Amino acid sequence: MRDMVEIGMGRTARRTYELDDVDIVPSRRTRSSKQVSLAWQLDAYRFDIPLLAHPTDALVSPEFAIELGRLGGLGVINGEGLWARHADVSAKIDQLLEVVEKGGYQHAVALLQELHAAPMQPDLLAAAIAQVHAAGVTVAVRVSPQNARALTPALLRAGIDLLVVHGTIISAEHVGDGEPLNLKTFIAELDVPVVAGGVSDHRTALHLMRTGAAGVIVGYGSFPGATTTGEVLGIGVPMATAIADAAAARRDYLDETGGRYVHVIADGDIATSGQLAKAIACGADAAMLGVPLASAAEAPGRGWYWPSAVAHPSVPRGSLLHVGQGWHLGDDSGEAPRPSLERVLHGPSNDPCGSLNVVGGLRRSMAKAGYSDLKEFQKVGLSVRV
Numbered sequence: 000m001r002d003m004v005e006i007g008m009g010r011t012a013r014r015t016y017e018l019d020d021v022d023i024v025p026s027r028r029t030r031s032s033k034q035v036s037l038a039w040q041l042d043a044y045r046f047d048i049p050l051l052a053h054p055t056d057a058l059v060s061p062e063f064a065i066e067l068g069r070l071g072g073l074g075v076i077n078g079e080g081l082w083a084r085h086a087d088v089s090a091k092i093d094q095l096l097e098v099v100e101k102g103g104y105q106h107a108v109a110l111l112q113e114l115h116a117a118p119m120q121p122d123l124l125a126a127a128i129a130q131v132h133a134a135g136v137t138v139a140v141r142v143s144p145q146n147a148r149a150l151t152p153a154l155l156r157a158g159i160d161l162l163v164v165h166g167t168i169i170s171a172e173h174v175g176d177g178e179p180l181n182l183k184t185f186i187a188e189l190d191v192p193v194v195a196g197g198v199s200d201h202r203t204a205l206h207l208m209r210t211g212a213a214g215v216i217v218g219y220g221s222f223p224g225a226t227t228t229g230e231v232l233g234i235g236v237p238m239a240t241a242i243a244d245a246a247a248a249r250r251d252y253l254d255e256t257g258g259r260y261v262h263v264i265a266d267g268d269i270a271t272s273g274q275l276a277k278a279i280a281c282g283a284d285a286a287m288l289g290v291p292l293a294s295a296a297e298a299p300g301r302g303w304y305w306p307s308a309v310a311h312p313s314v315p316r317g318s319l320l321h322v323g324q325g326w327h328l329g330d331d332s333g334e335a336p337r338p339s340l341e342r343v344l345h346g347p348s349n350d351p352c353g354s355l356n357v358v359g360g361l362r363r364s365m366a367k368a369g370y371s372d373l374k375e376f377q378k379v380g381l382s383v384r385v
């Protein structure tokens, strides 16, 4: 039964929970972390760790996607971002950071809007895709629901392996100025698996699963200081509840279809290994990380993070966040060298708060709770902080 509360006469609301509101409850059994498998498979593609990179230019360059793929995860290139519009992306990011360092956050947002107003150049994006493909790792590209129909044919010709249809809030049918995008029809016509999102409730997750999507993204990459969707639109996604609801939709769809499994991918409010573990425990199969990966030396944002929604031409929903080593402890001086992506994911760590060795923290959490794989860990006990 849903926990409903009265917020005023005749108006009720559902009580929901963030990841920080819940805790993992260990079982009577523990095991060695060496006996824990973090392997995850989406359609025909197998990954050693259940992590994707949020599709923002602050994170995913072709080189970053290659390195993340080498380390077992999946980098998602923003198919409408800087690598699809500019040949000199590094110089554009230099220009952006120069504006930021002068204290002009609003000017930086305006510059990102200007950079994203440049026309798309399919050859540039095709070259980026070819670079990742040549490295032998899985190639994933993100498009918005508004532009999915127009951009996807060129992406398929370029050789992508996975398509990610991703927006702040997405539905099974996007109604725009032209012909509505019916995801069920759209996905049925493709030869590559599609991941779609974000969603925040059971019904929308179930509708997206019925389109034939291989995975559904829950959330919109929310993070304090970087994402302002709550301030701009008044929309919030309580991640623990949203993940659990989507996991329930996955179970309902599994019964409805007699066995078709759709993956739930958590995207939001995950900054530490403990929050990653909680997301899996709530029912996620994998997580899409943003801010935690931005501290890596390979990230093109050079210690700065911004979500893709910050460049919206009329309603930007984000800012730029400095992610230096120790940023989560209030130290954003950035004086320490940025860690490698390998160290962010696999350690070693000298950070007692979980921003380094993120994968190792997840593995140890599963071991301490007595579980050996991700699907089993979704059954772990949870408690709610009062």
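Residue numbering for the sequence shown follows numbering that gives the first Met the number 0, beginning at 0 and increasing consecutively.
Every residue gets a Cβ at the ideal spot worked out from N, C-alpha and C, and that includes glycine.
In this text the structure is predicted, and so the values were computed from the model without any measurement.
Next item on the list: Please confirm whether Ala245 and Val379 have their CB atoms less than 8 Å apart.
Entry: Here the question's residue 245 lines up with position 246 in the sequence shown. Here the question's residue 379 lines up with position 380 in the sequence shown. Going by C-beta atoms, Ala245 is not nearer than 8 Å to Val379.
Notebook entry, point to check: By DSSP, does Glu386 sit in helix, in strand, or in coil?
Noted result: Residue 386 falls outside the range modelled here, since the chain spans only 0 to 385, and no answer is possible.
Check: By how many angstroms is the C-alpha of Gly80 removed from the C-alpha of Ala129?
Finding: Walking along the sequence shown from the start, residue 129 turns up at place 130. Walking along the sequence shown from the start, residue 80 turns up at place 81. Taking the straight line from one Cα to the other gives about 17 Å.
Margin query: Strictly by DSSP, which residues pair up with Tyr304?
Written below: If you number the sequence shown from 1, residue 304 lands on position 305. Answer by DSSP bridge pairing, in chain order: Leu320.
Next item on the list: Indicate the three-state DSSP secondary structure (helix, strand or coil) for Phe46 in the structure shown.
Entry: Your numbering for residue 46 matches position 47 in the sequence shown. Strand at Phe46.
Next item on the list: Just the C-alpha distance for Ser199 and Ile269, rounded to the nearest angstrom, thanks.
Entry: Numbered from its first residue, the sequence shown carries residue 199 at position 200. Numbered from its first residue, the sequence shown carries residue 269 at position 270. Here the C-alpha atom of Ser199 lies approximately 16 Å from the C-alpha atom of Ile269.
Checklist line | N- and C-terminal bounds of the alpha helix (DSSP H) containing Ser382 | finding: In the sequence shown, residue 382 corresponds to position 383, counting from 1. Careful: Ser382 lies outside any alpha helix (DSSP H), inside the beta strand (DSSP E) at 380-383.
Check: What number of angstroms, rounded off, separates the C-alpha of Gly158 from the C-alpha of Val140?
Finding: The sequence position of residue 158 within the sequence shown is 159, counting from 1. The sequence position of residue 140 within the sequence shown is 141, counting from 1. So the alpha carbons of these two residues sit roughly 10 Å apart.
Checklist line | Contact set for Gly229: own chain, Cβ-Cβ below 7 Å, skip 5 residues either direction | finding: The sequence position of residue 229 within the sequence shown is 230, counting from 1. Gly235, listed in sequence order.
Next item on the list: Under the assumption that Val136 contacts Arg69 (Cβ atoms under 8 Å), give the Cβ distance between them as a whole number of angstroms.
Entry: Mapped onto the sequence shown, residue 136 falls at position 137. Mapped onto the sequence shown, residue 69 falls at position 70. Contact flag correct, Cβ pair sits at about 7 Å.
Note to self: At the level of alpha carbons, what is the spacing between Asp160 and Ser31?
What the structure shows: Along the sequence shown, read from residue 1 onward, the residue named residue 160 stands at position 161. Along the sequence shown, read from residue 1 onward, the residue named residue 31 stands at position 32. The alpha-carbon atoms of Asp160 and Ser31 are separated by roughly 35 Å.
Next item on the list: Quick one: grab the DSSP three-state call for Leu275.
Entry: Within the sequence shown, numbered from 1, the residue matching residue 275 stands at position 276. In the structure shown, Leu275 sits in a helix (DSSP, three-state: H, G or I).
Next item on the list: Starting from Ala12, follow its DSSP beta bridges and name the residues at the other end.
Entry: Counted from its first residue, the sequence shown places residue 12 at position 13. Answer is Val4, bridged to Ala12.
Notebook entry, point to check: In chain order, which continuous runs of the beta strand (DSSP E) of length 3 or greater are located wholly inside the segment 174-212?
Noted result: 193-198
Next item on the list: Please classify Met287: does DSSP put it in a helix, a strand, or coil?
Entry: Translated into the one-based positions of the sequence shown, residue 287 becomes position 288. Of the three classes helix, strand and coil, the one that applies to Met287 here is strand, per DSSP.
Notebook entry, point to check: Which value, in whole angstroms, describes the spacing of the CA atoms of Asp251 and Val343?
Noted result: Within the sequence shown, the letter at position 252 stands for residue 251. Within the sequence shown, the letter at position 344 stands for residue 343. When rounded, the distance between both Cα atoms is 36 Å.
Checklist line | Residues of its chain near Ala225, where Cβ-Cβ distance is below 7 Å and the 5 sequence neighbours each way are ignored | finding: Start at 1 with the first residue of the sequence shown, and residue 225 comes out as number 226. Taken in chain order, the residues that qualify are Val290, Tyr304, Trp305, Pro306, Gly317, Ser318, Leu320.
Margin query: Let me confirm a value: Leu18 is counted as buried when at least 16 other C-beta atoms fall within 10 Å, else exposed. Which label applies?
Written below: Position 19 of the sequence shown, counted from the first residue, corresponds to residue 18. Buried, since its Cβ has 16 or more Cβ neighbours within 10 Å.
Notebook entry, point to check: For Asp122, which of Val88, Trp82, Asn146 has the nearest alpha-carbon?
Noted result: Taking the first residue of the sequence shown as position 1, residue 122 is located at position 123. Checked all of Val88, Trp82, Asn146; the closest Cα to Asp122 is Trp82.
Checklist line | Straight-line Cα distance separating Ser143 from Arg10 | finding: As a position in the sequence shown, residue 10 is number 11, starting the count at 1. As a position in the sequence shown, residue 143 is number 144, starting the count at 1. Cα to Cα, Arg10 sits roughly 34 Å from Ser143.
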